[in-house]
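Below is one structure, written out as structure tokens, with a few remarks after it.
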Amino acid sequence: KNQVEQSPQSLIILEGKNCTLQCNYTVSPFSNLRWYKQDTGRGPVSLTIMTFSENTKSNGRYTATLDADTKQSSLHITASQLSDSASYICVVSATMNTGFQKLVFGTGTRLLVSP
Amino acid sequence: DGGITQSPKYLFRKEGQNVTLSCEQNLNHDAMYWYRQDPGQGLRLIYYSQIVNDFQKGDIAEGYSVSREKKESFPLTVTSAQKNPTAFYLCASSMEGSNQPQHFGDGTRLSIL
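Spelled out as structure tokens, the structure:
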């Protein structure tokens, strides 16, 4: 069964500190892995997309890593800001027989950055 | 400004009533999607459309219907057959290609009266 599991479920950190969010997946056939940021009451916004051959990708203070062998990914946030408070969703894309890219969503990690 | 617009932001449904959620995009994307988000669960795919006048069922299509008469528009109807419609509904669109991100609207929250 295609699944994406994220940890921790929630996290509180002080402003200015770093943090790392984890994602494990069992999705086949793997196409790519995405991280999204979702503010409360808003739609998700894409942070990074990584294919099988990419180990790391950055977007400002966000750095995602991918280990396709162990089927694990992480999202590292550097020098956190209050605006980083949001849910972070790991999404793995699988290519169906029809060619359709089926996205499997994790349940997200809720991050609160405290002043 | 290019993007996806969902309306209304909040919607209430009475027993036995059908309601329609609007989704419009001006990104010139071919593909559009509808997802449902429930607390503690990942987004689940309701319907998707890869081209005008064509759409396919997702994982949880029962009780929902869609149309794709124009490239820019992909409305979702929540019918009375959907017994548990209370959720946050998200519309998304993307360009063709396996590594293209999906762009999401800001959602419609549907509640039962």
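Protein chains in written order, with our numbering: chain A, 1 to 115; chain B, 1001 to 1113. Ideal Cβ positions, reconstructed from N, Cα and C, are used throughout, including at glycine. Keep in mind the model is a prediction, meaning the values are calculated, not measured.
| Item | Value |
| --- | --- |
| If we count the other Cβ atoms within 10 Å of its Cβ and call it buried at 16 or more, is B:PHE1012 buried or exposed? | exposed |
| Pop quiz: B:SER1093 and B:LEU1027 are said to be a contact at Cβ under 8 Å. What is the actual Cβ separation, rounded to whole angstroms? | 6 Å |
| Let me check understanding here. Comparing Cα to Cα, which of A:SER93, A:ASN97, A:PRO115 lies closest to A:PHE105? | A:SER93 |
| Mapping the DSSP letters down to three states, classify B:LEU1113 as helix, strand or coil. | coil |
| Taking the C-alpha atoms as reference points, what is the distance between A:LEU112 and A:ILE89? | 14 Å |
| Going by C-alpha to C-alpha distance, which of A:SER7, A:SER83, A:PHE52 sits closest to A:GLN38? | A:SER83 |
| What does the alpha-carbon distance come out to for the pair A:ASN24 and B:VAL1052? | 36 Å |
| So the beta strand (DSSP E) A:SER46 belongs to, where does it begin and stop? | 45 to 51 |
| Starting from the beta carbon of A:ASN32, find every residue of chain B whose beta carbon is closer than 8 Å, and list them in chain order. | SER1098, ASN1099 |
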